[in-house]
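Take the sequence shown: its position 93, counted from the start at 1, is 94 in this note's numbering, and no numbers get skipped.
Below is one structure, written out as structure tokens, with a few remarks after it.
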Amino acid sequence: MSPLSRGFVQVYTGDGKGKTTAALGLTLRALGHGLRPVVVQFMKADPSWGEIVMLRRLEVEVVQAGLDHWVRKGAATEEDLAAAAAGFARARALVTSGDYDVVVLDELVTAVYFELVPLDDVLALMRDKPAEVELVITGRRAPDELLAAADLVTEMRLVRHYYDAGIQGREGIEY
């Protein structure tokens with residue numbers, strides 16, 4: 002039985018940096034209070050990223066449900082769709098298993114935008130999740146229906162980013 006008497010659905014979206022970072026910060030906080038977190042990353046496949054290495058050291062289960070390439074909207078391959086479908090099936094199983102108090106579905110909103118995961122499936126998961134599970138969903142371009150179904154929505158707004166000056170992602174900061 003979960004120590005949470007009530008779990009909510011949180012969505013972190015927007016074009017600004019920090020959605021995954023916020024979700025992983027919540028994961029760390031939950032772990033520190035004896036909650037059982039799990040992280041599923043959609044559209045990501047690199048196990049060497051710093052957050053994945055550290056989560057595994059902390060014995061947090063991490064499932065990466067993506068392939069090692071970028072997906073273009075409207076041009077998803079059968080492989081891309083299969084990876085996303087398998088990841089979503091795994092996510093649904095983790096949410097309903099009773100084994101976790103906090104489930105982070107990182108970049109799931111982005112997977113919906115890129116037409117890898119049907120929005121209706123995500124809305125059903127949000128609606129049907131066990132009452133004591135905290136569900137955290139991240140990604141850019143959250144559709145209005147998803148925002149309306151969430152209990153908490155945080156939008157990260159881009160004001161300025163050093164990427165615009167040609168700075169590349171940095172190990173330990175962006176990944």
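The C-beta atom is built at its ideal place from N, Cα and C for all residues, glycine as well.
Got a sec, what are the start and stop residues for the alpha helix (DSSP H) Leu5 sits in? Looking up residue 5 in the sequence shown gives position 4. Premise fails: Leu5 is in no alpha helix (DSSP H) and is neither H nor E.
I need the DSSP call for Phe115, collapsed to helix, strand or coil. Translated into the one-based positions of the sequence shown, residue 115 becomes position 114. Note: Phe115 maps to coil in three-state DSSP.
Using the Cα positions of Glu146 and Gly173, report the straight-line distance between them to the nearest angstrom. If you number the sequence shown from 1, residue 146 lands on position 145. If you number the sequence shown from 1, residue 173 lands on position 172. Whole-angstrom Cα-Cα distance: 34 Å.
Using the beta-carbon count (16 or more within 10 Å), is Thr78 buried or exposed? For the purposes of this step, residue 78 is taken as residue 77 along the sequence shown, with counting starting at 1. Per the 10 Å Cβ criterion, exposed.
Around the Cβ of Ala166, are there at least 16 other Cβ atoms within 10 angstroms (buried) or fewer (exposed)? Counted from its first residue, the sequence shown places residue 166 at position 165. Looking at its Cβ environment, which holds fewer than 16 other Cβ atoms inside 10 Å, Ala166 is exposed.
Kindly provide the ranges of any alpha helix (DSSP H) runs that are 4 or more residues long and lie completely inside the stretch 58-109, ordered along the chain. 79-97
Look at the alpha carbon of Ala24 and the alpha carbon of Tyr101, and state the distance between them as a whole number of angstroms. Here residue 24 refers to the residue found at position 23 of the sequence shown. Here residue 101 refers to the residue found at position 100 of the sequence shown. Roughly 15 Å separates the two Cα atoms.
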